[in-house]
Structure formats: structure tokens, C-alpha cells
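Heads up: the structure comes next, in C-alpha cells.
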Amino acid sequence: MSGKAIVITSGKGGVGKTTTTANLGAALALAGNTVVLLDADIGLRNLDVVMGLENRIVYDLVNVVEGVCTYNKALIKDKRIDGLYLLPAAQIKDKDAIKPEQMKALVENIKEEFDFVLIDCPAGIEQGFLNAIIGADEAIIIVTPEVSSVRDADRVVGLLDKKGNIPLENMHMVVNRIRMDMVRKKEMLDVSDIEDLLRINVLGVIPDDESVIVSTNKGEPIVLSSKNSVAQAFHDMAGRVLGEDIPFDEKPDRSFVSAVMRFFGLAQ
Amino acid sequence: MFGFKKLFSGEAGSKNAAKERLRLVLIHDRASVSQETIESMKRELIDVISHYIEFDTNDLEFKMESKNEKVALIASIPIVSNKKSIKGA
Ligand SMILES: Nc1ncnc2c1ncn2[C@@H]1O[C@H](COP(=O)(O)OP(=O)(O)OP(=O)(O)O)[C@@H](O)[C@H]1O
Ligand SMILES: [Mg+2]
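Chains A and B are the protein sequences, given in the same order.
Quick note on numbering: the first sequence equals residues 149 to 416 in the numbering used here.
Quick note on numbering: the second sequence equals residues 1110 to 1198 in the numbering used here.
Below is the structure:
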């Protein structure tokens, strides 16, 4: 058996790579798949705290690559969700402790035993980025509806193709932090604008919502703790990764205020 | 007047500006040609062309455009027509 390795990347920092890795992974596991979340952000480890698994780390990615232990020994099993595991990054300063070939071999190994390897990529396009993309079959590019984020995403598309050997049809984008109130006022790029500019297919659309911060505070993936629109967006995304044909929600913003405004003709 | 038109043509809001700016930035990024390179290319071309024809330097237009998945450099050089003939001819 060989699973699929997907890198979650963006170019620009702070746009939601770690959040997406955690929740997409959890949603895929809840759907019955075995999933390894691989934190490739060496020196800035964060997937562990987002998942609430920070107190259970014994070995990390660098230990595995250096042969201190097998990757199986370093995996942290999530006790809340069957089939979900984390391979934490190292908190060392030397970001170049790992070579691309080592990373590639490791991802190949994990793929032998698991359905999915989700690789949380560091921001930027340096060595850490190259290490994160080298073993990936597919890429999810996270973009927020902002000029700088879309621009960086376009750079990353080019690099995934050239340096990662990931063909365009294996690249997908996720639009994160969309605010329908601003989209309606035409003060924010909408999904079709970004699709026009980047020309890659959309895998998911996630609203901007405070529940993301609340869930990070608790160290609990949103798909576990909530049934709101953000959780639904991640379940839908997982469904699409599994090849299901899930339609996009036309109006992700169904808040009471906007419903009232619509009623009084103050919003579309 | 302009504001009125903008309000009702659905063009209000900053997202159109964002999209238009991005469209140009991406063209330059993809072709790996900076605005600076274009500027210096422009100066050299003006120099060469001015040896042969007379034109209005204020009316020149150099831009990158995306056509059928390819990026093209488009130059528009309006020749001054009320002057008699081509220089040096
Ligand atoms: N949909 C959302 N709604 C509200 N806040 C969000 C959303 N997505 C992400 N955030 C917040 O944005 C911040 C950055 O998110 P995250 O850490 O996932 O980004 P990242 O791309 O992994 O960042 P880095 O480049 O530093 O690794 C976090 O504080 C997170 O809570
Ligand atoms: Mg991160």
C-alpha cells in the first residue's frame, strides 16, 4: 500500500498552514483514514501546540533523520481521534539539519504504512520550504484574500512546479479567512477573483472566525470541538481530498445580523 | 459625478484595485522582469529609435501583457506625423 503525501504551503507566513494541516488531518482521520501530520517547520515548531500534543513529545523529526530512533517511535498518537499521529519538528536553531534526500526517504517510508502524510511547510521559499515539498505528491496552497498573500502564492506555484516536480493539476488552493461581509461590499477579493489570478483549482474556503483562535487556545482541532462553518469547511475539504464531489457553500456567512440586514435590504 | 457612477456600476470598493494591481504584479513576477528592467530597456530603445524617427516621448507606452498564457512586451510609439519625413532619410 502507498498513501499520499500532501504539503501544505503558502509562501507568506501566518496565513493558516498549521491550522489547515491540523484540521484537515483530523477530518481525514475522522473519516476513517490513517494520517501522519509531519511538522516540517524546524525551529518554529507549532503543530504540536495547535493539536494540544506538546506535552507528549519525546523524539522529533531531526532525531528520526539522524537515526536516533525510528519514525514509528517518534510518532505521537492522538488519543482523541483514531488513526491520527503527529511527527513533531525539532526546536533547534540549525534549520538545515535535514537534507532534502533524507526528507524524501522519510516521507516515502511513512507513505508505505499510512493513508496520508500531511506536511506542514514553513513560511518562505528557502531550504525549509524545499525540504517540505520534496517528498510531496500534491500541494495545498493556502492563500488569504490579500494582495501580498496572492502574490506569494503565485511564486510558490512556480516553485512547486520547478523545484518540487509537482504538476499543476496536483496543486490545489484553500482560501482562508474570507469575510463575506467585506466580499459583499467589494472590499475583499472573492474566491473567483483569486481563482482567476492563480489559475489553480479550489479545494476549500474557510471563513475568518474567532473559533479558530479559541480552538488553538484549548489545543483542540475545530473539527473535534465545534460544528460551526469553519469545522464544516474542513470536513468538506477532507471529502474533496478523498475524491468526493462536494459543492461549495454559496453563502458561508449565515449570521443572524447579515440575515436581518438582507431582510431589510441593507445587504445582498 | 464620478463617485455617483462608481457607486452604481458596482465598481465601488477596493477589491477591483487589488485585482488589477495583482494582475500586473503577477505578470512581472512570472516573466521575472522587474519594472526597473523595463524602464532601462525603455531608455535604450528610445535612444535607438530616436536615431531614425521622430516621436513624442511623453506618449510612449511600454507594458507587459498576458496573451494566451504567454507574456508579451507591448510597446506603443506614436510617430509624430506633422513632421515631414523620417530623419536622416
Ligand atoms: N480562518 C481563520 N479565522 C481566524 N483566525 C485564523 C484563521 N486561520 C488562521 N487564523 C489565525 O492566524 C494565525 C496564523 O495561523 P497559522 O499558525 O495556522 O498560520 P501559518 O501559516 O502556519 O503561520 P506560519 O507561517 O507562522 O507557520 C493564528 O493565530 C490562527 O489562529
Ligand atoms: Mg505554521
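All residues carry an ideal CB built from backbone N, CA and C; glycine is no exception.
The model shown is predicted, which means the values in this text are computed figures rather than measured ones.
Would you mind telling me which residues of chain B sit closer than 8 Å to residue i, beta carbon to beta carbon, in chain order?
| i | result |
| --- | --- |
| A:Glu335 | Gly1122, Ser1123, Lys1124 |
| A:Asp329 | Under the 8 Å cutoff, chain B gives no residues; its nearest Cβ is about 12 Å from A:Asp329. |
Kindly list, in the order they appear in chain B, the residues whose Cβ is closer than 9 Å to that of residue i.
| i | result |
| --- | --- |
| A:Asp189 | Within chain B, no residue comes near A:Asp189; the closest Cβ sits about 25 Å away, beyond 9 Å. |
| A:Asp302 | Leu1131, Val1134, Leu1135, Asp1138, Arg1139 |
| A:Leu372 | By Cβ distance, chain B contributes nothing, its closest Cβ being about 34 Å from A:Leu372, past 9 Å. |
| A:Leu223 | Within chain B, no residue comes near A:Leu223; the closest Cβ sits about 39 Å away, beyond 9 Å. |
| A:Leu345 | Lys1128, Leu1131, Arg1132, Leu1135 |
| A:Asp244 | Those within 9 Å of A:Asp244 in chain B number zero; the least Cβ separation is about 26 Å. |
| A:Asp309 | By Cβ distance, chain B contributes nothing, its closest Cβ being about 11 Å from A:Asp309, past 9 Å. |
| A:Asp138 | With chain A represented from 149 up to 416, any question about residue 138 of chain A goes unanswered, as that position is not in the structure. |
| A:Asp393 | Under the 9 Å cutoff, chain B gives no residues; its nearest Cβ is about 28 Å from A:Asp393. |
Could you check whether the Cβ of residue i sits closer than 6 Å to any heavy atom belonging to ligand 2?
| i | result |
| --- | --- |
| A:Thr166 | yes |
| A:Asn118 | Nothing can be reported for residue 118 of chain A: it is not among the residues displayed for chain A, which extend from 149 to 416. |
| A:Asn194 | yes |
So with CB distances below 7 Å, who are the chain B contacts of residue i?
| i | result |
| --- | --- |
| A:Val298 | Leu1131 |
| A:Asp268 | Simply none; closest approach about 25 Å. |
| A:Asp357 | Simply none; closest approach about 20 Å. |
| A:Asp263 | What A:Asp263 touches in chain B: nothing, since even the nearest Cβ is about 35 Å away. |
Are there any heavy atoms of ligand 1 lying less than 6 Å away from the beta-carbon of residue i, as far as the coordinates show?
| i | result |
| --- | --- |
| A:Arg325 | yes |
| A:Gly161 | yes |
| A:Ile354 | yes |
| A:Thr364 | yes |
| A:Glu361 | Inspection of the sequence shows that residue 361 of chain A is occupied by Ile rather than by Glu. Yes, the beta carbon of A:Ile361 sits closer than 6 Å to at least one heavy atom of ligand 1. |
| A:Asp384 | no |
| A:Asp357 | yes |
| A:Ala271 | yes |
Go through its chain and collect everything with a Cβ distance to residue i's Cβ below 7 Å, but skip five positions before and after it.
| i | result |
| --- | --- |
| B:Ser1118 | Its pLDDT being 46, under 50, B:Ser1118 is placed unreliably in this model, and the value from its coordinates should be taken loosely. Same-chain partners within the cutoff: there are none. |
| A:Leu390 | Ala179 |
| A:Arg204 | Ile224 |
| A:Leu278 | Pro248, Lys311 |
| A:Ala386 | Leu172, Ala175, Leu176, Ala179 |
| A:Val378 | Ile354, Pro355, Asp357, Ser359, Val360, Ile370 |
| A:Ser296 | Lys160 |
| B:Lys1172 | Ile1183 |
| B:His1137 | Ser1143, Gln1144, Met1173 |
| B:Ala1198 | Residue placement at B:Ala1198 is poorly supported in this model, since its pLDDT is 44, which falls under 50; the coordinates are not used for a value here. |
| A:Ile394 | Asp384, Gly387, Arg388 |
| A:Ser150 | Lys259, Glu260 |
| A:Tyr219 | Val212, Leu235, Leu254, Asn257, Ile258 |
| B:Pro1187 | Phe1164, Asp1165, Asp1168 |
| A:Leu192 | Pro270 |
I think residue i touches residue j, with their Cβ atoms under 8 Å apart; what is that distance to the nearest whole Å?
| i | j | result |
| --- | --- | --- |
| A:Leu176 | A:Phe264 | 6 Å |
| A:Ile281 | A:Val155 | 5 Å |
| A:Ile342 | A:Val291 | 6 Å |
| A:Asp268 | A:Thr364 | So it is not a contact: roughly 14 Å between Cβ atoms. |
| A:Leu351 | A:Met321 | 7 Å |
| A:Lys227 | A:Tyr207 | Not confirmed; about 18 Å, so no contact. |
| B:Arg1132 | A:Leu345 | 7 Å |
| A:Ala170 | A:Leu209 | The Cβ separation is near 16 Å, so there is no contact. |
| A:Lys243 | A:Gly215 | 20 Å between Cβ atoms; not a contact. |
| A:Leu185 | A:Leu235 | 7 Å |
| B:Asp1165 | B:Val1189 | 6 Å |
Please list, in chain order, all residues of the same chain as residue i whose beta carbon is under 8 Å from its beta carbon, the five residues on each side excluded.
| i | result |
| --- | --- |
| A:Glu202 | Asp196, Gly367 |
| A:Glu294 | Leu337 |
| A:Ile273 | Gly159, Arg303, Val304, Leu307 |
| A:Pro400 | Caution applies to A:Pro400, whose pLDDT of 49 falls short of 50 and renders its modelled position unreliable; the value that the coordinates give is listed next. Here the set comprises Ile326, Met328, Val353, Pro355, Ser377, Ala381. |
By the criterion of Cβ-Cβ separation under 7 Å, what are the contact partners of residue i in chain A?
| i | result |
| --- | --- |
| B:Ala1127 | Val295, Leu337 |
Ignore the nearest five residues each way along the sequence and tell me which others in residue i's own chain have a CB closer than 6 Å to its CB.
| i | result |
| --- | --- |
| A:Pro315 | none |
| A:Asn194 | Thr166 |
| A:Glu286 | Ile154, Asn318 |
| B:Ser1185 | Glu1170 |
| B:Ser1123 | none |
| A:Cys217 | Tyr207, Asn211 |
| B:Phe1113 | Confidence at B:Phe1113 is low in this model, with a pLDDT of 46, below 50, so the placement of that residue should be treated as unreliable; the coordinate-derived value is given next. Around B:Phe1113: no qualifying Cβ. |
Using a Cβ-Cβ distance cut-off of 7 Å, determine whether residue i contacts chain E.
| i | result |
| --- | --- |
| A:Asp285 | You won't find chain E in this structure, because its protein chains are A and B. |
Checklist entry - Taking the runs of the beta strand (DSSP E) that are 3 residues or longer, which of them lie wholly in the segment 289–333 of chain A? => result Along the segment 289–333 of chain A, the beta strand (DSSP E) occurs as fully enclosed runs of 3 or more residues at 319–326, listed in sequence order.
Checklist entry - Fully enclosed by the segment 151–196 of chain A, which alpha helix (DSSP H) runs are 4 residues long or longer? => result Scanning the segment 151–196 of chain A from its first residue to its last, the whole alpha helix (DSSP H) runs of 4-plus residues come out as 165–178.
Item to check | Whole alpha helix (DSSP H) elements within the segment 1140–1195 of chain B, 4-residue minimum | outcome: 1144–1158
Item to check | Entirely enclosed alpha helix (DSSP H) segments - the segment 346–382 of chain A, minimum 4 residues | outcome: 359–366, 370–373
Checklist entry - Which runs of the beta strand (DSSP E), 3 residues or longer, sit entirely within the segment 228–253 of chain A? => result 232–235
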